[in-house]
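Asks: Residue numbers (my numbering), protein chains in the order written: chain Y, 63 to 224; chain V, 13 to 441.
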Amino acid sequence: MKKSLARTADTLETLLGATAFVSMFLAIVLQVFYRYILGSPLVWPFEFSVYCYIYVIYIGSVMAARRQSHVSFDMLYLRLPGRLRLALGIFTNVFVALMFLATLPSSIGYIRMVGAVPSSSLDVPWGAVLAVYPVGMVLVSLILLSRAYSDLMDMTGPGGHQ
Amino acid sequence: MSISLWVFLFVFIISFALRVPIAFGMVASSVLYFLLEGLDLSTIPEIMVFGFKDKFVLLAVPLFIFTARVMNSGGITERIFDFAGSLVGHLRGGLGHVNVVASIIFSGMTGSAIADASGLGLMEIKAMDDAGYKRSFSAAVTVASATIGPIIPPSIPMVIYAMLSGASVGALFLGGMVPGVLMGIGLMAAIFVISRKRGYERGKWPGPGGLATAFKRALLSLLTPVILLGGIYSGAFTPTEAAAVAALYALILISAVYRSFGISEAVSVVRDVVENTGFLGFIMAGAFVFGHVLAIERVPAALADLVLGFNSGKLVFLIVLNILFLVLGCLIDTMVLLLVVVPIVIPAAQAAGIDMVHLGVVLVMNMMIGLATPPFGMLLFTISGLTGTSLGEIISEIWPFLLVLMAVLLLCTYMPETVLWLPGVLGGS
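Pasting the structure below:
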């Protein structure tokens with residue numbers, strides 16, 4: 063169950079992230095092509111590619127959170143005794159998740175307020191871009207909370223971490 | 013400074029020490045500050061999403077990462093290595109020199125020290141192993157030469173610095189060329205001296221025919237930096253467009269010409285790019301909010317006032333910066349230094365009358381040398397992990413190279429012409 067969920071998440075993240083990245087890449091190439099080969103510069107690729115980039119960042123940060131590849135400093139942490147390390151890990155994961163989730167109501171309120179405003183050249187509602195924030199933050203928070211839960215089980219379960 | 017600021021800094025430092033990802037620590041401590049100060053939390057998503065809206069130049073970063081990954085997975089590194097071998101392999105300690113020259117050439121395509129170390133670096137160490145060089149020496153040379161990557165254009169840290177400071181990317185790229193070459197020459201001199209002492213052999217001179225063959229094999233790969241830099245300096249492309257065109261060229265080269273890149277490699281490369289863009293971008297997003305809090309508390313302005321108050325001049329200011337960034341560079345990730353500390357330093361540097369291009373190149377040099385500085389330099393860990401050489405062994409061999417790199421850093425810091433001459437001559441600024 064857990065494995066198949068991880069596989070599905072991986073496929074989804076790769077698919078969505080790759081789509082956003084390739085779209086960004088192609089939009090920039092297209093911009094150059096239209097300007098130099100066809101002699102008629104396009105306006106929309108600038109905005110489109112920046113929005114794709116923002117999507118790549120948020121999809122990629124969820125991917126990195128799941129794979130634990132976000133940059134962190136572990137020199138001091140690894141010197142702590144095992145049980146304390148686990149306890150602090152649970153605390154920090156829950157704390158960060160709570161802080162992320164604390165911004166959720168305001169971010170939704172903000173999207174409600176400005177979400178319908180159309181972007182300057184694509185005419186896309188800003189909400190479509192801003193939505194990456196609450197979605198990304200909720201997913202990262204869920205990953206952190208599930209990690210905290212599994213560490214807690216490790217600590218308190220039978221044969222828990224000594 | 014308010015109590016909330018102290019709480020914010022305390023939480024950030026503690027979370028950093030407790031292995032919370034740096035980006036998460038920056039966002040979490042900023043949210044806490046907003047809550048304590050009763051500020052509107054909707055500013056945070058606004059900054060973390062729309063902070064990227066006008067930063068088209070940042071799109072060059074994933075494209076540079078993409079090019080580096082494509083190059084690493086498509087056999088281009090091997091051609092560059094062979095070409096460098098035919099150029100300098102016949103000198104005493106030949107493969108050490110090849111390591112440096114190949115890094116200089118490769119850095120003209122990727123802009124990342126870690127990409128250099130993990131791609132080309134492994135090949136270099138294996139070749140040096142086979143030729144009987146001490147493994148720790150090979151690893152140390154690889155670590156030291158990889159620091160040149162982001163100094164010679166293109167450079168991911170310089171793109172981000174340009175976004176922060178408003179300096180021209182083109183001028184920064186040109187400004188890094190002379191320091192990068194000086195670093196290379198310095199490292200080759202150190203390799204020569206050590207090799208003579210240890211009796212490392214010279215390689216075989218392939219003759220003009222061999223050199224021409226190696227050049228022909230590498231020629232199409234060598235055109236990548238030409239397209240990239242030529243595109244920028246001719247004014248044909250913005251840096252981001254040049255990065256996209258260079259990435260497209262590299263992709264066509266390895267898939268259609270060299271035929272060494274298939275669907276599975278493409279999926280793995282793109283997944284890697286998305287993940288890297290994710291954590292780099294999230295650090296940037298976190299740094300935007302973090303910087304916003306510092307700006308609310310007027311920390312950068314206070315630091316600028318402090319510098320003006322000392323009235324100690326550029327020289328002292330640059331000495332302090334060098335020491336600060338060398339120490340921080342071996343403790344803290346480059347991106348965090350760049351996005352958290354550099355924006356605090358920029359107003360003070362402007363107040364002290366320091367040229368922004370000079371500052372940018374010197375700071376990037378500082379941070380790159382920090383990557384190779386014991387005990388926490390990231391490149392040391394990368395190479396130690398990839399080769400299985402103990403950290404202690406690499407550290408014992410790295411010192412002569414670090415001394416050389418620091419000498420070049422001092423030269424570039426106190427003789428700004430070494431950085432500013434080329435942008436001045438070629439009109440990059």
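From the three backbone atoms N, C-alpha and C, an ideal C-beta is built for every residue, glycine too. The model shown is predicted, which means the values in this text are computed figures rather than measured ones.
Could you name the residues of chain V that Y:Ile-152 contacts, counting a contact when the two beta carbons are closer than 9 Å?
Replies: In the first sequence, residue 152 of chain Y corresponds to position 90, counting from 1. What Y:Ile-152 touches in chain V: nothing, since even the nearest Cβ is about 11 Å away.
Asks: What does a CB cutoff of less than 7 Å around V:Ser-441 pick up in its chain, not counting 5 residues either side in sequence?
Replies: Here residue 441 of chain V is taken as the residue at index 429 of the second sequence, counted from 1. The pLDDT assigned to V:Ser-441 is 49, lower than 50, so where the model puts this residue is not dependable; a value taken from the coordinates is nonetheless given after this. So the list reads Ser-180, Ala-183, Val-369, Pro-435, once near-sequence residues are dropped.
Asks: Just checking: is the beta-carbon of Y:Val-124 within a distance shorter than 9 Å of some beta-carbon in chain V?
Replies: In the first sequence, the residue the question calls residue 124 of chain Y occupies position 62. Interface residue, yes.
Asks: Give the residues of chain Y in contact with V:Ser-54, contact being defined as C-beta atoms less than 7 Å apart.
Replies: Within the second sequence, numbered from 1, the residue matching residue 54 of chain V stands at position 42. Those within 7 Å of V:Ser-54 in chain Y are Ser-168, Ser-169, Gly-171, Tyr-172.
Asks: Is it buried or exposed for Y:Gln-224, if we count other Cβ within 10 angstroms and need 16 for buried?
Replies: The residue labelled residue 224 of chain Y in the question sits at position 162 within the first sequence. Low confidence applies here, because Y:Gln-224 scores a pLDDT of 46, under 50, leaving its location unreliable; read the following figure in that light. So Y:Gln-224 ends up on the exposed side.
Asks: Measure from the C-beta of V:Val-39 to each C-beta in chain Y and report whether the shortest distance is under 9 Å.
Replies: In the second sequence, residue 39 of chain V corresponds to position 27, counting from 1. So, interface residue.
Asks: I'd like to know whether the C-beta of Y:Gln-224 is nearer than 9 Å to at least one C-beta of chain V.
Replies: To locate residue 224 of chain Y, count along the first sequence from 1; it is residue 162. Any reading at Y:Gln-224 must be qualified, since the residue scores a pLDDT of 46, below 50, and its modelled position is unreliable; the value itself is stated next. Judged by the 9 Å Cβ criterion, Y:Gln-224 is not in contact with chain V.
Asks: Which residue wins for smallest C-alpha separation from V:Leu-17, given the options V:Asn-334, V:Ala-384, V:Glu-409, V:His-304?
Replies: As a first step, residue 17 of chain V must be located in the second sequence, where it is residue number 5. Selected option, being the one with the closest Cα: V:His-304.
Asks: Let me check understanding here. Comparing Cα to Cα, which of V:Ala-361, V:Leu-315, V:Gly-63, V:Met-189 lies closest to V:Leu-438?
Replies: Numbered from 1 along the second sequence, position 426 holds the residue referred to as residue 438 of chain V. Nearest of V:Ala-361, V:Leu-315, V:Gly-63, V:Met-189 to V:Leu-438, Cα basis: V:Met-189.
Asks: Let me confirm a value: Y:Gln-130 is counted as buried when at least 16 other C-beta atoms fall within 10 Å, else exposed. Which label applies?
Replies: Mapped onto the first sequence, residue 130 of chain Y falls at position 68. It counts as exposed.
Asks: Counting only beta-carbon separations shorter than 9 Å, does Y:Arg-129 have a partner in chain V?
Replies: Taking the first sequence and counting its residues from 1, one reaches residue 129 of chain Y at position 67. Yes, contact with chain V.
Asks: Apart from the five residues on each side of it in sequence, which residues of its chain come closer than 7 Å, Cβ to Cβ, to V:Ser-85?
Replies: As a working mapping, residue 85 of chain V is identified with position 73 in the second sequence. So the list reads Phe-273, Glu-277, Val-281, once near-sequence residues are dropped.
Asks: Does Y:Leu-74 have its Cβ less than 9 Å from a Cβ in chain V?
Replies: For the purposes of this step, residue 74 of chain Y is taken as the residue at position 12 of the first sequence. Cβ-Cβ to chain V under 9 Å: no for Y:Leu-74.
Asks: Can you tell me whether DSSP reads V:Pro-162 as helix, strand or coil?
Replies: Sequence index remark: in the second sequence, residue 162 of chain V carries index 150 (1-based). Correct three-state label for V:Pro-162: coil.
Asks: Could you spell out the range, first to last residue, of the alpha helix (DSSP H) harbouring Y:Trp-106?
Replies: Your numbering for residue 106 of chain Y matches position 44 in the first sequence. From DSSP, the alpha helix (DSSP H) with Y:Trp-106 extends over 106 to 128.
Asks: In whole angstroms, what separates the C-alpha of Y:Phe-153 from that of V:Leu-21?
Replies: For the purposes of this step, residue 153 of chain Y is identified with residue 91 of the first sequence, where counting begins at 1. For the purposes of this step, residue 21 of chain V is identified with residue 9 of the second sequence, where counting begins at 1. Each residue's Cα considered, the two are about 18 Å apart.
Asks: Using a C-beta to C-beta distance shorter than 9 Å, which residues of chain A count as neighbours of V:Gly-293?
Replies: Here chain A cannot be found, since the structure's protein chains are Y and V.
Asks: At least one CB of chain V closer than 9 Å to the CB of Y:Leu-214: is that the case?
Replies: Mapped onto the first sequence, residue 214 of chain Y falls at position 152. For Y:Leu-214, the answer is no, since every Cβ of chain V falls outside 9 Å of its Cβ.
Asks: Leaving aside the five residues before and after V:Arg-104 along the sequence, list all residues of the same chain whose C-beta is less than 7 Å from its C-beta, in chain order.
Replies: As a position in the second sequence, residue 104 of chain V is number 92, starting the count at 1. For V:Arg-104, where only same-chain residues beyond five positions count, the Cβ hits under 7 Å are Phe-204, Ser-207, Arg-208, Tyr-212, Arg-214.
Asks: Tell me whether V:Thr-289 is buried or exposed, calling it buried when 16 or more other Cβ atoms sit within 10 Å of its Cβ.
Replies: Taking the first residue of the second sequence as 1, we reach residue 289 of chain V at position 277. Flag for V:Thr-289 reads buried.
Asks: Using CA atoms only, rank isn't needed, just tell me which of V:Met-200, V:Arg-310, V:Leu-51 is closest to V:His-102.
Replies: Walking along the second sequence from the start, residue 102 of chain V turns up at place 90. Of V:Met-200, V:Arg-310, V:Leu-51, the residue nearest in Cα terms is V:Met-200.
Asks: Examine the Cβ distances between the region 52 to 61 of chain V and the region 192 to 205 of chain Y and report whether three or more of them are shorter than 8 Å.
Replies: A contact exists between the region 52 to 61 of chain V and the region 192 to 205 of chain Y.
Asks: Please name the residues in the region 334 to 359 of chain V whose beta-carbon is closer than 9 Å to at least one beta-carbon of chain Y, in chain order.
Replies: Answer in chain order: Leu-343, Ile-344, Asp-345, Met-347, Val-348.
Asks: Hey, does V:Phe-273 have any beta-carbon neighbour from chain Y nearer than 9 Å?
Replies: Taking the second sequence and counting its residues from 1, the one referred to as residue 273 of chain V is at position 261. No, no contact with chain Y.
Asks: Tell me whether V:Lys-216 is buried or exposed, calling it buried when 16 or more other Cβ atoms sit within 10 Å of its Cβ.
Replies: On the second sequence, residue 216 of chain V is found 204 positions in, with the first residue counted as 1. It is exposed - the Cβ of V:Lys-216 has fewer than 16 other Cβ atoms within 10 Å.
Asks: Closer than 7 Å, Cβ to any Cβ of chain Y: which residues of the region 375 to 397 of chain V, in chain order?
Replies: The residues in question are Phe-388.
Asks: Return helix, strand or coil for V:Pro-3, following the three-state DSSP convention.
Replies: Residue 3 of chain V cannot be examined here, being either before or after the span of chain V that is shown, 13 to 441.
Asks: Using 8 Å as the threshold, is the region 65 to 79 of chain V in touch with the region 158 to 177 of chain V, meaning 3 or more CB pairs across them?
Replies: Contact between the region 65 to 79 of chain V and the region 158 to 177 of chain V is present, because at least three Cβ pairs lie under 8 Å.
Asks: So what does DSSP say about Y:Gln-224, is it helix, strand or coil?
Replies: Residue numbering aside, residue 224 of chain Y sits at position 162 when the first sequence is read from its first letter. Per-residue confidence for Y:Gln-224 stands at a pLDDT of 46, beneath the threshold of 50, marking its modelled position as unreliable; no derived number is given.
Asks: Put Y:Pro-187 into one of helix, strand or coil per three-state DSSP.
Replies: One-based indexing of the first sequence puts residue 187 of chain Y at position 125. Reduced to three states, the DSSP call for Y:Pro-187 is strand.
Asks: Please confirm whether V:Met-418 and V:Leu-338 have their CB atoms less than 9 Å apart.
Replies: Residue mapping note: residue 418 of chain V aligns to position 406 of the second sequence, counting from 1. Residue mapping note: residue 338 of chain V aligns to position 326 of the second sequence, counting from 1. In this structure, V:Leu-338 lies closer than 9 Å to V:Met-418 by Cβ.
Asks: Could you confirm whether any beta carbon from chain Y is found closer than 9 Å to the beta carbon of V:Arg-310?
Replies: Reading the second sequence from its first residue, position 298 is the one you call residue 310 of chain V. Not one chain Y Cβ lies under 9 Å of V:Arg-310.
Asks: Please state the DSSP three-state secondary structure of V:Arg-104.
Replies: Here residue 104 of chain V refers to the residue found at position 92 when the second sequence is read from its first residue. Reduced to three states, the DSSP call for V:Arg-104 is strand.
Asks: Do we get a CB-CB distance below 9 Å when we pair Y:Pro-103 with the residues of chain V?
Replies: Reading the first sequence from its first residue, position 41 is the one you call residue 103 of chain Y. Closer than 9 Å: no.
Asks: Anything in chain V within Cβ reach of Y:Leu-192, meaning under 9 Å, just list it in chain order.
Replies: Counting from one through the first sequence, the residue named residue 192 of chain Y turns up at place 130. Within 9 Å Cβ-Cβ: Pro-57, Glu-58, Val-61, Phe-62.
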